[in-house]
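Trainee: Got a structure for you, questions after.
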Amino acid sequence: MRELSPRERVLRALDHREPDRVPISFAGTFCSGIVQLGDRGYTDLLRYLGIEDYAKPELSELFNVVTNVDERLMERFRSDFRAITPAIPPARIEPDGTKTWEVMCGMRIKNIGTYDEPYDFPLRNYESVKDVEGYPWPDPDDFDIANGKREEARKLHENTDYAIVGESFFSSMPFNVYAQIGGMDKWLIDMKIRPKLYFAICDRLLEYGLAMDAKFYEAVGNYIDTAVMFDDLGAQNGPLMSYQDWAKF
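Just add 19 to wherever you are in the sequence shown, counting from 1, and you've got the working numbering.
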C-alpha cells in the first residue's frame, strides 16, 4: 500500500478500511494534548528534541493543556490530526487566583494540586428543581464562540492534508460538566436519590450545550473531516456506572 496522507489515513480508518498505519493523534485534540506544569512538561520535551525557539506555551483554563503546540513537535510524532476548537472567552480571575468560567456554566477553577481543576462547586448544595430554576445559567447568545473559526478551518482544510477535527468542549454535557459544577459525588448520588433534580440539571446543561455546539459546527462544519465528543465515563478499573444506569441517566 502506498503511504497515505493524514486525511486519507484517518478517513479510511473511520470507514473501517485498513489504512497504511494506525492514525496518530499527538496533541491533535484536547484529549490527546500535552500539559505544562510550571516550567516542566511540554517545554522539557521541546528542549530534549533540540527545539529552543518555541513560542511561550498558552494553556487551557482547565488541566494546563498546551493550546499552541509547536508544529515541529506534532510533525516529529507524526500526528495526523489538527483541531479546531471554539473561541471560548477566558475565565474571570479573582484576587486569590480562583477562576470563574461563565461560559462553562459558572465553573470554579483553582490550582489546588498538579494543575488547574474544578473546585468550590456552585451547585453543591442544590437539592430541588426550584433551586435549579434560580441558577444563573448562561445565555448562548452572549458568547461568539464561532468568531474567526470558519476561516481558520477553511485554511487548514485547503492548505494542509491533515485530518481536521472539530472539538467542541460543550459536547461533554451533561455528565462531565455536571460533575465539574456540582461535584463528582453529587453527580453520581443525585442520579439515585434525587432523580428529579438530576434530570432538571441535565436538561439545562444539554439545552445549553446543544445550542453552543450548533453555533460552532454551523461555522466550521464544511471544513472538518470529523468531530470529537467526549465525556468521563470510566476509571482505571472499569466504567463509572452500569450500562443500565448510563442508558437511563
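Ideal placement from N, C-alpha and C gives every residue a C-beta, glycine not left out.
1. Do three or more CB pairs link the region 126-144 to the region 89-109 at distances below 8 Å?
2. As an exercise, report each continuous alpha helix (DSSP H) stretch of at least 4 residues that is fully enclosed by the region 139-211, in chain order.
3. Using CA coordinates, which residue listed in A238, E94, D115 is at the minimum distance from E186?
4. Which residues bound the beta strand (DSSP E) around E136?
5. Considering only the beta carbon of each residue, do V84 and G60 sit closer than 8 Å?
6. Would you call the region 67-85 and the region 150-168 in contact, with 3 or more CB pairs under 8 Å?
7. Let's see if you can read the secondary structure: which residues bound the beta strand (DSSP E) around K75?
8. Rounded to the nearest angstrom, what separates A172 and D99 at their Cα positions?
9. Helix, strand or coil: how does DSSP classify N130 here?
10. Cα separation between S261 and L252?
11. Can you tell me which of A182, D180, T179, C221 puts its alpha carbon nearest to the alpha carbon of Q199?
12. In the DSSP assignment, find the unbroken beta strand (DSSP E) run with V247 in it and report its ends.
13. With a threshold of 16 other CB atoms inside 10 Å of the CB of V184, please say whether the residue is buried or exposed.
14. Let's test the definition: count the other Cβ atoms within 10 Å of the Cβ of T48 and tell me whether it reaches 16, buried, or not, exposed.
15. Mark F249 as exposed unless 16 or more other C-beta atoms lie within 10 angstroms of its C-beta, in which case mark it buried.
16. Any idea what DSSP makes of Q263, helix, strand or coil?
17. In its own chain, which residues sit with a C-beta less than 6 Å from the C-beta of V29, not counting the 5 before and 5 after it?
Mentor: In short:
1. no
2. 148-152, 168-178, 194-201
3. What you label residue 186 is simply residue 167 of the sequence shown in a count that begins at 1. Nearest C-alpha to E186: A238.
4. Residue 136 sits at position 117 when you count from the first residue of the sequence shown. Start and end: 135-137.
5. Counting from 1 along the sequence shown, the entry for residue 84 is found at position 65. Counting from 1 along the sequence shown, the entry for residue 60 is found at position 41. Not a contact, by the Cβ cut-off of 8 Å.
6. Short answer: they don't touch.
7. For this step, residue 75 is matched to residue 56 along the sequence shown. Run containing K75: none; DSSP gives neither H nor E here.
8. The sequence position of residue 172 within the sequence shown is 153, counting from 1. The sequence position of residue 99 within the sequence shown is 80, counting from 1. Cα to Cα, the separation comes out at about 16 Å.
9. Along the sequence shown, read from residue 1 onward, the residue named residue 130 stands at position 111. If DSSP states are grouped into helix, strand and coil, N130 belongs with the strands.
10. The residue given as residue 261 occupies position 242 in the sequence shown. The residue given as residue 252 occupies position 233 in the sequence shown. If I take the Cα positions, the gap works out to 10 Å.
11. Here residue 199 refers to the residue found at position 180 when the sequence shown is read from its first residue. The candidate whose alpha carbon is nearest that of Q199 is C221.
12. Within the sequence shown, residue 247 is the residue found at index 228, counting from 1. Per DSSP, V247 belongs to the beta strand (DSSP E) from 245-247.
13. Taking the sequence shown and counting its residues from 1, the one referred to as residue 184 is at position 165. Buried is the call here.
14. Here residue 48 is taken as the residue at index 29 of the sequence shown, counted from 1. Under this definition T48 is a buried residue.
15. By 1-based counting over the sequence shown, the position of residue 249 is 230. Counting Cβ neighbours within 10 Å, F249 comes out exposed, since fewer than 16 surround it.
16. Translated into positions along the sequence shown, residue 263 becomes position 244. Residue state, collapsed to three classes: helix.
17. Position 10 of the sequence shown, counted from the start, is the residue given in the question as residue 29. For V29, where only same-chain residues beyond five positions count, the Cβ hits under 6 Å are P42, D99, A182.
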